[in-house]
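Position one of the sequence shown corresponds to residue 1 (the UniProt record's numbering), numbered consecutively onward.
These notes are about the structure you will find just below.
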Amino acid sequence: MSNAYEAAYQRSLNDPEGFWGEIAEDCHWFKKWDRVLDDSNKPLYRWFTGGMINTCYNALDFHVDDRGRGEHLALIYDSPVTNTIRKYTYAELRDIVARFAGVLTNKGVTKGDRVIIYMPMIPEALVAMLACARIGAIHSVVFGGFAAKELATRIDDARPKVMVSASCGIEGQRVIAYKPLLDEAIRLSKHKPESCILYQRPQEHAPLTEDRDSDWEEGMKNADPVDCVPVEATDPLYILYTSGTTGQPKGVVRDNGGHVVALKWTMKAIYDIDEDDVWWAASDVGWVVGHSYIVYAPLFKGCTTVLFEGKPVGTPDAGVFWRVISEHKVKCMFTAPTAYRAIRREDPQADLLHQYDLSNFKILFLAGERSDPATIQWSEKHLNVPVIDHWWQTETGWAIAANCMGLHFFPVKYGSPTKAVPGWNVQVLNAANEEMPPGEIGALSVKLPLPPGALPTLWENDQRYIDAYLKEYPGYYKTADAGMVDEEGYIYVMSRTDDIINVAGHRLSTGAMEEVLSGHPDVAEAAVLGVHDELKGQVPVGFLVLNAGVEKSNDEILKEVVAMVRDQIGPVAAFKKAAVVKRLPKTRSGKILRGTIRSIADQQEVKTPATIDDPAILDEIREVLAEIGLGKTGR
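Printed below as a string of structure tokens:
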């Protein structure tokens, strides 16, 4: 089939320099690049070497000064937890960012210095990120409320000159004081930041530490606005530590040039967003989705981005997403499937949705966890718009596979994030590093070079980058996901490679079993993992979260799901054990902590993950596992 997607995809692989060089013309450069793709230091490829650029200029000043769109709405801050809505034009946001860049400059921050940002979902978090980019400083955003010990490891790795934080964050109904966590992290860290800038929120006033801390508002009164500093296209923009790291964290580096080029292009090509549209990524600035699609990509594009401080349920109810979409005329939303599962669980018939006018809403994108068909079908039925699963990672910075809605819409195949996005040469490899034919399961990998915007390396550790991602399959980037590509080029991400379980010699995907369980009408969410078994090596165990208002007994539902797996996957799966739980342990970004559950079941020592949303849930899991005869001593 000849279409814009096929043309773009083929050109991106056959002529990457022509493809990306042309796209880069749409961005602002202080100096054009010498080479689009620099392959002189393989496997460490670099994009747009010799070019001089500024990320903040492309996000703000370009629209104000070059395009005359300063009065266009840049940012809508919607916070149901504080009952606040604030709106900023591109000119207003540019002026605030330029002034805060002056605050950082007054603290001695210059090009190449690191700044750690430890903030909740408030506009000041975006301001701090963009202000760093404005002066060529490298920011590292750490999820607000993250444990002090984990924050300390990131301080020691990034060695920031300055910390930027807020007095508190708000999680649902709870106010979380940040200052004690910040103080403890600095106490624990070997590296001591020179100063901390604190934004005081009305909900919590934090005392300032003498000779170290300063007040955000006071700093803004005494600062002059600062212009953008040109940086090399290959200079780092930010460091983002991968979630759940222990010991020495892995700092994913994003460069300036390739990042601007790729992300700006994706807004239209993948998400079909134009500059007059309203876009909403319901994530957190502490995660990669927040970096790429709350802050940078929408502002590069010049559209309006929504910053949401709240939860899909409970702030105040399971209708809050529909209220935000309706009130701000959102065209396209991007969130994790777990958010829609939570809504479906609370409001299975989507009764709250019918209170709102969603006529401007055109597309829903899901990513972050595998999107089970039941969640996609429920969303399609009630929203009556395309629901698009797409696949990417912290390291890649943007989608590896997607239904590119701005290029060509392909029929949705449930369980597949559609096809490889232009720039990504996705191959399925076997253990011998050989490309496998369609339909065969293997290691999903990307042939080098990775496209612009993907990680060029890890912070100050090229060798660790090579060892972690490029060594196992020479010439390819290892995604650590297992899957296959079908005859039509649709990619299927079956599970993480460590979630392929071996049951009596049969390699089975836990993701495929989760798909079956999620298809039960009373199941809101499901997780399947392999636990140790003396006879079979491993056996699958399922965990179910049920919809609100279910009338059947748990035993009845468990019998039905066991029969469904037997029917749809076969007796070979040996799926016999399952349990109903109130909720599943997850990271704050919505990923289910399957490895932690597996460790409890296998009676291994369990360290509570730093990224866990609610540590108390692990005790509930222990009790449930004990009831089904697993993990009795796994404390």
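From the three backbone atoms N, C-alpha and C, an ideal C-beta is built for every residue, glycine too.
*So what's T82 in DSSP terms, helix, strand or just coil?*
As a working mapping, residue 82 is identified with position 82 in the sequence shown. Coil.
*Cα-Cα separation, V581 to D619*: The count along the sequence shown starts at 1 and reaches residue 581 at position 581. The count along the sequence shown starts at 1 and reaches residue 619 at position 619. Straight-line Cα distance between these residues: approximately 12 Å.
*For P571, count neighbouring C-beta atoms within 10 Å of its own C-beta (all shown protein chains included) and say buried if the count is 16 or more, exposed if not.*
As a first step, residue 571 is located in the sequence shown; it is residue number 571 there, counting from the start. The residue is exposed, with fewer than 16 neighbouring Cβ atoms inside 10 Å.
*So the beta strand (DSSP E) T483 belongs to, where does it begin and stop?*
For this step, residue 483 is matched to residue 483 along the sequence shown. Checking the sequence shown, residue 483 turns out to be Gly, not Thr. It spans Y476 to V485 - the beta strand (DSSP E) in which G483 sits, taken as one unbroken run.
*Three-state secondary structure (DSSP) at L188?*
For this step, residue 188 is matched to residue 188 along the sequence shown. Helix at L188.
*Whose C-beta lies closer than 7 Å to the C-beta of Y465 among residues of the same chain, with five residues either side of it excluded?*
For this step, residue 465 is matched to residue 465 along the sequence shown. Excluding residues within five positions, the ones whose Cβ falls inside 7 Å are T457 and L458.
*Ignoring anything shorter than 3 residues or poking outside the segment 187-256, list the beta strand (DSSP E) runs there in chain order.*
195-199, 213-215, 236-241 and 251-255
*Tell me whether T510 sits in a helix, a strand or coil according to DSSP, three-state version.*
By one-based count along the sequence shown, residue 510 stands at place 510. Helix at T510.
*By a C-beta neighbour count over all protein chains shown, 10 Å radius and 16 as the cutoff for buried, is T84 buried or exposed?*
If you number the sequence shown from 1, residue 84 lands on position 84. Exposed: under 16 other Cβ atoms inside 10 Å.
*What do you get for G397, buried or exposed, if any count of 16 or more other CB atoms within 10 angstroms of its CB means buried?*
Counting from one through the sequence shown, the residue named residue 397 turns up at place 397. It counts as buried.
*Give the single residue among L37, A281 and E6 whose Cα lies nearest to the Cα of V324.*
On the sequence shown, position 324 is the one that residue 324 refers to. The shortest Cα separation from V324 among L37, A281 and E6 belongs to A281.
*Going by CA-CA distance only, name the one from Y293, I239, K331 and L584 that's closest to D274.*
By one-based count along the sequence shown, residue 274 stands at place 274. Looking at the Cα atoms, K331 is the closest of the given residues.
*asked:* Three Cβ pairs or more, each shorter than 8 Å: is that satisfied between the segment 479-495 and the segment 506-517?
replied: yes
*Bounding residues of the beta strand (DSSP E) (the contiguous stretch that carries V531)*: Taking the first residue of the sequence shown as 1, we reach residue 531 at position 531. Taken as a continuous stretch (DSSP letters only), the beta strand (DSSP E) holding V531 covers V523 to D533.
*Per DSSP, which one or two residues make a beta bridge with Y90?*
Working through the sequence shown from its first residue, we reach residue 90 at position 90. Paired residues: none, contrary to the question.
_Own chain residues within Cβ distance below 7 Å of A524, not counting five before or after_ = Numbered from its first residue, the sequence shown carries residue 524 at position 524. Hits under 7 Å: R341, R344, R345, V545, L546 and N547.
*Figure out for me which residue from G144, R212, T55 and A101 has the closest Cα to the Cα of M121.*
Here residue 121 refers to the residue found at position 121 of the sequence shown. The residue with the shortest Cα to Cα distance from M121 is G144.
*Could you tell me which residues DSSP pairs with R35 in its beta bridges?*
As a working mapping, residue 35 is identified with position 35 in the sequence shown. In DSSP, R35 forms a bridge with T49.
*For R67, the three-state DSSP class (helix, strand or coil)*: The count along the sequence shown starts at 1 and reaches residue 67 at position 67. Coil, per DSSP.
*Please name the residue in G542, L630 and A233 whose C-alpha comes closest to that of W29.*
To locate residue 29, count along the sequence shown from 1; it is residue 29. It is A233 whose Cα lies nearest to the Cα of W29.
_Quick check: the segment 388-402 against the segment 245-265, are at least 3 beta-carbon pairs closer than 8 Å?_
yes
_Residues in the same chain with beta-carbon distance under 8 Å from A7, minus the five sequence neighbours each way, listed in chain order, please._
On the sequence shown, residue 7 is found 7 positions in, with the first residue counted as 1. Hits under 8 Å: none found.
_Continuous beta strand (DSSP E) stretch holding Y473: start and end_ = Your numbering for residue 473 matches position 473 in the sequence shown. Per DSSP, Y473 belongs to no beta strand (DSSP E) and is neither H nor E.
_Through-space distance from P312 to E171, alpha-carbon basis_ = The residue you call residue 171 lines up with position 171 of the sequence shown. The residue you call residue 312 lines up with position 312 of the sequence shown. So the alpha carbons of these two residues sit roughly 12 Å apart.
*Where A432 sits in the DSSP three-state scheme*: Translated into positions along the sequence shown, residue 432 becomes position 432. It is coil, neither helix nor strand.
*asked:* Less than 6 Å between C-beta atoms, sequence neighbours within five positions excluded: which residues of the same chain meet that for F62?
replied: The sequence position of residue 62 within the sequence shown is 62, counting from 1. For F62, where only same-chain residues beyond five positions count, the Cβ hits under 6 Å are H28.
*P449 versus K32, V289, D39 and F146, residue with shortest Cα-Cα distance*: As a working mapping, residue 449 is identified with position 449 in the sequence shown. Minimum Cα distance to P449 is reached at D39.
*State the DSSP-derived secondary structure class of C332, mapped to helix, strand or coil.*
As a working mapping, residue 332 is identified with position 332 in the sequence shown. Strand at C332.
*How big is the Cα-Cα spacing for A269 and N256?*
As a position in the sequence shown, residue 269 is number 269, starting the count at 1. As a position in the sequence shown, residue 256 is number 256, starting the count at 1. Cα-Cα distance, rounded: 20 Å.
_C-beta atoms of F334 and F365 nearer than 8 Å_ = Reading the sequence shown from its first residue, position 334 is the one you call residue 334. Reading the sequence shown from its first residue, position 365 is the one you call residue 365. In contact: F334 and F365 (Cβ atoms closer than 8 Å).
*asked:* Give me the residue from R159, E184, G102 and K471 with the minimum Cα distance to D113.
replied: Numbered from 1 along the sequence shown, position 113 holds the residue referred to as residue 113. Checking every option, the nearest Cα to that of D113 belongs to R159.
_I'd like to check one pair, A610 with E150: are the Cβ atoms closer than 8 Å?_
In the sequence shown, the residue the question calls residue 150 occupies position 150. In the sequence shown, the residue the question calls residue 610 occupies position 610. Cβ distance < 8 Å, so E150 and A610 count as in contact.
*asked:* For Y5 and N58, I'd like the C-alpha separation in whole angstroms.
replied: Indexing the sequence shown from 1 puts residue 5 at position 5. Indexing the sequence shown from 1 puts residue 58 at position 58. Their Cα atoms are separated by approximately 26 Å.
*asked:* Using the three-state DSSP reduction, which class does H354 fall into: helix, strand or coil?
replied: To locate residue 354, count along the sequence shown from 1; it is residue 354. It is helical.
_Rounded straight-line distance, which links the Cα of T608 to that of F543_ = One-based indexing of the sequence shown puts residue 543 at position 543. One-based indexing of the sequence shown puts residue 608 at position 608. Distance between the alpha carbons of F543 and T608 is about 19 Å.
*Spatial distance of G423 from G286 (CA atoms)*: Along the sequence shown, read from residue 1 onward, the residue named residue 423 stands at position 423. Along the sequence shown, read from residue 1 onward, the residue named residue 286 stands at position 286. Looking at the two C-alpha atoms, the distance is approximately 26 Å.
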